[in-house]
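Working notes for the structure below.
As structure tokens, then:
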């Protein structure tokens with residue numbers, strides 16, 4: 002057991018803002034006095050100041066990001082990396098900047114409500130479990146669609162997946178040598194393709210992915226009230 | 002096609018408040034100037050003033066409810082009915098108060114954020130489809146647990162189920178003649194057991210079931226801002 006390995010957080014943001022009905026990509030929208038992405042990044046350094054941040058952004062957003070850094074006097078050290086065509090390629094670009102024999106968290110830039118507990122629990126669990134993701138129960142009833150029919154399924158058999166998804170570097174580097182496949186919906190599914198077991202830990206329910214205008218209002222509520 | 006049938010809404014509330022960390026059952030908690038349950042009930046009469054309301058509450062909460070009616074000067078006409086041991090039995094008690102050859106909406110008392118559109122769309126769709134439920138996409142990635150393992154599933158094949166679940170009275174009365182079964186997670190699953198097809202329509206994403214303290218804050222935000 003070696004828990005003194007380097008720790009990285011690859012923060013991936015590629016949103017264009019279309020689904021938000023906004024011209025500003027959602028990761029740059031200001032809530033509670035700072036762009037969403039800055040909240041997300043700072044959660045990691047707040048959880049553990051030794052975590053090295055790698056930020057993956059589409060190349061055409063780098064200038065804008067650099068202006069935001071000045072505007073908001075953002076001091077958190079990070080390495081800025083170009084995004085790729087799909088999220089998969091963005092993560093791949095981020096992985097080029099990590100040392101071997103480390104632990105790597107991969108996090109959605111638009112999840113500013115992750116708790117420092119969730120982050121630290123993932124990094125603790127990865128020491129023995131190699132591939133760790135935070136999940137929460139599926140709270141509402143769900144149904145499965147099949148063809149033109151649908152049927153009730155037992156929600157207790159399902160969990161909702163969050164990020165950060167945290168891996169032993171050897172596993173994640175190996176997994177990302179695979180060719181891109183559209184069934185790769187998250188990093189766990191890429192790792193799983195190689196036969197690795199995914200270890201689930203409890204996430205925090207506030208850790209929503211900001212995708213719609215309604216989520217912005219919820220996120221702002223939580224951040225303003227310091228619920229996270 | 003007969004769209005002049007009577008319409009009912011059976012509003013079911015049986016919560017004890019335990020999960021909210023509160024002594025007040027969650028349906029009675031005040032948000033945006035009224036108990037949650039009053040918001041829920043009023044959504045139906047706002048959607049269509051001809052809808053007859055049947056409220057199912059545990060017998061030991063009837064006194065408290067009657068006090069709230071006075072305190073909040075709540076004028077919406079409704080029939081108050083005793084709850085049962087499980088939700089199934091509560092709905093069964095409510096169904097005793099409907100006329101045959103009608104349409105029946107069954108709604109969680111702790112879903113005050115249902116939109117009048119969702120309600121009206123359900124009642125429109127039930128004319129031709131007999132059993133209608135509002136659903137929204139599963140927005141976050143989900144995984145399925147099986148034994149001590151788990152794997153990614155395609156969330157596009159799943160939907161999140163809401164209420165009101167709206168039925169032709171003949172079908173729902175017939176379905177509730179079955180003996181209680183623990184696989185009955187909602188009214189659709191009771192109806193489905195008899196081989197009826199469930200018709201899905203689009204719900205409204207704000208229509209969360211208030212089960213945890215965090216949901217209260219979200220609901221209050223929406224109601225205060227008149228988002229619904």
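Residue numbers (our numbering), protein chains in the order written: chain F, 2 to 229; chain Y, 2 to 229.
For glycine and all other residues, C-beta sits at the position ideal for the given N, C-alpha and C.
Does the beta-carbon distance from residue 170 of chain F to residue 102 of chain F come in below 8 Å? In this structure, residue 102 of chain F lies closer than 8 Å to residue 170 of chain F by Cβ.
DSSP state of residue 83 of chain Y mapped onto helix, strand, coil: Note: residue 83 of chain Y maps to strand in three-state DSSP.
Which value, in whole angstroms, describes the spacing of the CA atoms of residue 81 of chain F and residue 29 of chain F? Cα to Cα, the separation comes out at about 15 Å.
For the beta strand (DSSP E) that contains residue 141 of chain F, what are its first and last residues? DSSP places residue 141 of chain F in no beta strand (DSSP E); its state is neither H nor E.
8 Å Cβ cutoff met for residue 217 of chain F and residue 222 of chain Y: Not in contact: residue 217 of chain F and residue 222 of chain Y (Cβ atoms no closer than 8 Å).
Integer Cβ distance of residue 85 of chain Y from residue 94 of chain Y, believed to fall under 8 Å: Yes, they are in contact, since the Cβ atoms of residue 85 of chain Y and residue 94 of chain Y sit about 5 Å apart, within 8 Å.
Residue 185 of chain F bridges to which residues according to DSSP? DSSP links residue 185 of chain F through a beta bridge to no other residue.
What residue does the beta strand (DSSP E) around residue 55 of chain Y start on, and which one ends it? Following the DSSP letters along the chain, one finds residue 55 of chain Y inside the beta strand (DSSP E) bounded by residues 53-58.
Judging by CA-CA distance, which residue of Y:27, Y:15, Y:9 is the nearest neighbour of residue 213 of chain Y? Nearest option by C-alpha distance: Y:27.
Neighbourhood of residue 122 of chain F by C-beta, 7 Å cutoff - its chain only, sequence neighbours within 5 removed: For residue 122 of chain F, where only same-chain residues beyond five positions count, the Cβ hits under 7 Å are 202.
From the beta carbon of residue 201 of chain F, is the nearest beta carbon of chain Y less than 8 Å away? Closer than 8 Å to the CB of residue 201 of chain F there is at least one CB belonging to chain Y.
Using a Cβ-Cβ cut-off of 6 Å (strictly less than) and excluding sequence neighbours within five positions of residue 11 of chain Y, which residues of its own chain qualify? Taking C-beta separations shorter than 6 Å and ignoring five residues to either side along the sequence, the partners of residue 11 of chain Y in its chain run 55, 95, 107, following chain order.
Exposed or buried, which one is residue 190 of chain Y when buried takes at least 16 other CB atoms within 10 Å? Classification of residue 190 of chain Y: buried, given that the 10 Å Cβ count is 16 or more.
When Cβ atoms are compared, which residues of the region 144-161 of chain Y fall closer than 8 Å to chain F? Going along the region 144-161 of chain Y in chain order, one finds 144, 145, 146, 147, 150, 151, 152, 153, 154, 155, 156, 158, 159, 160, 161 with a Cβ nearer than 8 Å to chain F.
Would you call the region 128-140 of chain Y and the region 193-202 of chain Y in contact, with 3 or more CB pairs under 8 Å? Cβ pair count under 8 Å is three or more, so yes.
Looking only at C-alpha atoms, which of F:195, F:144, F:186 sits nearest to residue 313 of chain F? Coverage of chain F is limited to positions 2 through 229, which leaves residue 313 of chain F absent and any answer about it impossible.
What does residue 222 of chain F touch in chain Y if you count any residue whose Cβ is under 8 Å from its own? Contacts between residue 222 of chain F and chain Y, judged by CB atoms closer than 8 Å, involve 218, 219, 222 in chain order.
Please check the pair residue 158 of chain Y and residue 145 of chain F, which I expect to be a contact at CB under 8 Å, by giving their CB distance rounded to whole angstroms. Taking the Cβ atoms as the reference, residue 158 of chain Y lies roughly 6 Å from residue 145 of chain F, within the contact range of under 8 Å.
If I measure Cβ to Cβ from residue 210 of chain Y and keep anything under 7 Å in the same chain, skipping five residues before and after, which residues do I get? Close CB contacts of residue 210 of chain Y within its chain, under the 7 Å cut and outside five residues either way in sequence, are with 109, 111, 112 (chain order).
Compare the beta carbon distance of residue 7 of chain F and residue 78 of chain F with 8 Å and say whether it is the shorter of the two. In this structure, residue 78 of chain F does not lie closer than 8 Å to residue 7 of chain F by Cβ.
Thinking C-alpha only, which one of F:31, F:46, F:186, F:91 is nearest residue 115 of chain F? For residue 115 of chain F, the closest alpha carbon among the candidates F:31, F:46, F:186, F:91 is that of F:46.
What does the alpha-carbon distance come out to for the pair residue 176 of chain F and residue 185 of chain F? Distance between residue 176 of chain F and residue 185 of chain F, taken at the CA atoms: about 11 Å.
Using a Cβ-Cβ distance cut-off of 8 Å, determine whether residue 41 of chain F contacts chain Y. So, not an interface residue.
Since residue 89 of chain F contacts residue 127 of chain F with CB under 8 Å, what's their CB separation in whole angstroms? 21 Å between Cβ atoms; not a contact.
Extent of the continuous alpha helix (DSSP H) run through residue 63 of chain F: Note, residue 63 of chain F: alpha helix (DSSP H), 63-72.
For residue 33 of chain F and residue 48 of chain Y, what's the separation of their Cα atoms in angstroms? The alpha-carbon atoms of residue 33 of chain F and residue 48 of chain Y are separated by roughly 35 Å.
Using a beta-carbon distance below 8 Å, is residue 109 of chain Y in contact with chain F? No, because no Cβ of chain F sits closer than 8 Å to the Cβ of residue 109 of chain Y.
What in chain Y is Cβ-close to residue 136 of chain F, meaning under 8 Å? Taking the beta carbon of residue 136 of chain F as reference, the chain Y residues within 8 Å of it are 144, listed in sequence order.
Indicate whether at least one CB of chain F lies closer than 8 Å to the CB of residue 170 of chain Y. For residue 170 of chain Y, the answer is no, since every Cβ of chain F falls outside 8 Å of its Cβ.
Just the Cα atoms here: how many angstroms apart are residue 119 of chain F and residue 183 of chain Y? If you take the alpha carbons of residue 119 of chain F and residue 183 of chain Y, they lie about 33 Å apart.
State yes or no: is the beta carbon of residue 198 of chain F nearer than 8 Å to at least one beta carbon in chain Y? Chain Y contact via Cβ: present.
In the DSSP output, what is residue 135 of chain Y paired with across the bridge? Partner(s): Y:202.
Count the other CB atoms within 10 Å of the CB of residue 155 of chain F; is the residue buried (16 or more) or exposed (fewer)? Its Cβ having fewer than 16 others within 10 Å, residue 155 of chain F is exposed.
Going by alpha carbons, who is nearest to residue 278 of chain Y out of Y:173, Y:180, Y:24? Here chain Y comprises residues numbered 2 to 229, so residue 278 of chain Y is not present and cannot be evaluated.
Which residues in the same chain as residue 188 of chain F place their Cβ atom closer than 6 Å to its Cβ, once the five residues preceding and following it in sequence are excluded? So the list reads 107, 166, once near-sequence residues are dropped.
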